[in-house]
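A.B. asks: In my numbering, the protein residues as written are 294 to 433.
I'd like to ask you about the structure that follows.
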Amino acid sequence: MPIEIVKVTTKAQLKRFVQFNLDLYKGHPCFVPDLYGDTINTLRKDRNAAFEFCEADYFLAYRDGKIVGRVAAIINHKANKTWGNKVVRFGWIDFIDDLEVARTLLDTVEQWGKERGMTEIQGPLGFTDFDPEGMLVEGF
């Protein structure tokens, strides 16, 4: 079945974006979730001071009406200016064990960045280099 990408535009969608990884890894003994409220506040443009120099959009991937992945696309204009780069970052990336979902999410970030003049993609990263970052790819 095809994957549908939906841009997060409402508070309800933002809650689903945050809830997805809680549901995906629920019950796994190694999973330690972030604090729900902290994550919501980090992602809200009216609550995170990084939006003074960053722009971001969040995307949910659906298959058959069910969320199968999520990703954030972020441009840190201050970092790009400092380092002379045109980098779009991806972060908050989680998805079911499915290569097509992973590719679709990363392609979405790539296209989003290209539409804004970016020429490189890096991640997983947050808004700044002080945000939590990293990705477990084996043994989870």
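Every residue gets a Cβ at the ideal spot worked out from N, C-alpha and C, and that includes glycine.
Name, in chain order, the residues that DSSP records as bridge partners for C323.
C.D. replies: As a working note, residue 323 is residue 30 in the sequence shown. Answer is none; C323 lacks a bridge partner.
A.B. asks: If you reduce the DSSP assignment to three classes, tell me which class R396 lands in.
C.D. replies: The residue labelled residue 396 in the question sits at position 103 within the sequence shown. In the structure shown, R396 sits in a helix (DSSP, three-state: H, G or I).
A.B. asks: State buried or exposed for A342, treating a residue as buried only when at least 16 other CB atoms are found within 10 Å of its CB.
C.D. replies: The count along the sequence shown starts at 1 and reaches residue 342 at position 49. Label assigned to A342: exposed.
A.B. asks: For E426, name the three-state secondary structure that DSSP assigns.
C.D. replies: As a first step, residue 426 is located in the sequence shown; it is residue number 133 there, counting from the start. Correct three-state label for E426: coil.
A.B. asks: By Cβ distance below 6 Å, which residues in the same chain neighbour H370 in space, the five residues on each side in sequence not counted?
C.D. replies: If you number the sequence shown from 1, residue 370 lands on position 77. Correct list, in chain order: F346.
A.B. asks: Whole-angstrom Cβ separation of V381 and A366, contact assumed at under 8 Å?
C.D. replies: Numbered from its first residue, the sequence shown carries residue 381 at position 88. Numbered from its first residue, the sequence shown carries residue 366 at position 73. Rounded, the Cβ-Cβ distance is 6 Å, consistent with contact.
A.B. asks: If we count the other Cβ atoms within 10 Å of its Cβ and call it buried at 16 or more, is N373 buried or exposed?
C.D. replies: Position 80 of the sequence shown, counted from the start, is the residue given in the question as residue 373. So N373 counts as buried.
A.B. asks: Using CA coordinates, which residue listed in Y329, N314, W385, K304 is at the minimum distance from F420?
C.D. replies: On the sequence shown, residue 420 is found 127 positions in, with the first residue counted as 1. Of the candidates Y329, N314, W385, K304, the one whose C-alpha sits nearest the C-alpha of F420 is W385.
A.B. asks: Pair every Cβ in the segment 327-342 with every Cβ in the segment 404-414, then say whether three or more of these pairs are closer than 8 Å.
C.D. replies: Contact fails: fewer than three Cβ-Cβ distances are below 8 Å.
A.B. asks: Between the C-alpha atoms of I296 and D390, what's the straight-line distance to the nearest angstrom?
C.D. replies: The residue labelled residue 296 in the question sits at position 3 within the sequence shown. The residue labelled residue 390 in the question sits at position 97 within the sequence shown. Spanning the two alpha carbons is a distance of roughly 14 Å.
A.B. asks: Starting from I363 and walking both ways along the beta strand (DSSP E), at which residues does that stretch end?
C.D. replies: Walking along the sequence shown from the start, residue 363 turns up at place 70. In the sequence as displayed, the identity of residue 363 is Arg instead of Ile. From DSSP, the beta strand (DSSP E) with R363 extends over 359-369.
A.B. asks: What does DSSP give as the partner residues of Q415 in its beta bridges?
C.D. replies: Residue mapping note: residue 415 aligns to position 122 of the sequence shown, counting from 1. Answer is R382, bridged to Q415.
A.B. asks: Closest to E348 by C-alpha separation, out of Y355, I360, R337, D357, would be which residue?
C.D. replies: Residue 348 sits at position 55 when you count from the first residue of the sequence shown. Closest option to E348, Cα to Cα, is R337.
A.B. asks: With a threshold of 7 Å on Cβ separation, who are the neighbours of P417 within its own chain once the five nearest residues in sequence on each side are excluded?
C.D. replies: Residue 417 sits at position 124 when you count from the first residue of the sequence shown. F383, G384, I386, E426, G427, M428.
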